[in-house]
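Q:
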Amino acid sequence: MLSSLRSIPLNLASRSTSRPAPSCLSSKAILAPQRWSSSGSGADKETVTKADLVQILSKEYEMTAAQSARVLDTVLDTIVEAVSKSHTVSIGNFGKFEAVTSPARMYNNPITKTPVWKEETRRVKFRPFNNFKECVNKKSG
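Residues 1068 to 1208, numbered by the numbering used here, are exactly what the sequence shown covers, in order.
1) Could you tell me how far apart the beta carbons of Arg1189 and Thr1155 are, in whole angstroms, since I believe they sit closer than 8 Å?
2) Among the candidates Leu1139, Val1121, Asp1140, whose CA atom is the shortest distance from the CA of Ala1132?
3) Pull up the distance between the alpha-carbon of Pro1170 and that of Lys1180, whole angstroms please.
4) Among Met1173, Lys1200, Pro1195, Arg1194, whose alpha-carbon lies nearest the alpha-carbon of Glu1186?
5) According to DSSP, is Ser1094 helix, strand or coil?
6) Cα separation between Ser1157 and Asp1144?
7) Output the residue ranges of the alpha helix (DSSP H) runs that lie fully inside the segment 1129 to 1190 and measure 4 residues or longer, sorted by chain position.
8) Using three-state DSSP, classify Phe1193 as helix, strand or coil.
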């Protein structure tokens, strides 16, 4: 999977450095609010889509959109594959993804009041690292 990345030329030296990084991030920020799409769910909320991320990668690393999409797909597929195999994926200065198991249990249906058996399930848990939390909780202004 990672061998396909070697064929994509990444010109890291040409990355734009004109934007100052926010103080809450240890690396350069590449997202700017004017690049985000409107989510439609609320006037004051913005959503960064996969297409937005592909566009940002394309501009920052001077790649085609197809190359950027392949890089992003590879990263996301690798995270999904690792977590589905019960591995923890830890991304420095960001957070970690892990699979957690909820045990089987009996609960009462709130409408019918009958007991229902729920099988054991697995879910994905994301734990942001402290600098991510600080950045999210930072007061603007």
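Even glycine gets a Cβ: it sits at the ideal position worked out from N, Cα and C.
A: On the basis of the supplied data:
1) Actually they are not in contact, since the Cβ atoms of Arg1189 and Thr1155 sit about 13 Å apart, beyond 8 Å.
2) Val1121
3) 21 Å
4) Met1173
5) In this prediction, Ser1094 has a pLDDT of 49, which is less than 50 and means its spatial position is unreliable; what the coordinates show is noted afterwards. If DSSP states are grouped into helix, strand and coil, Ser1094 belongs with coil.
6) 15 Å
7) 1132 to 1151
8) strand
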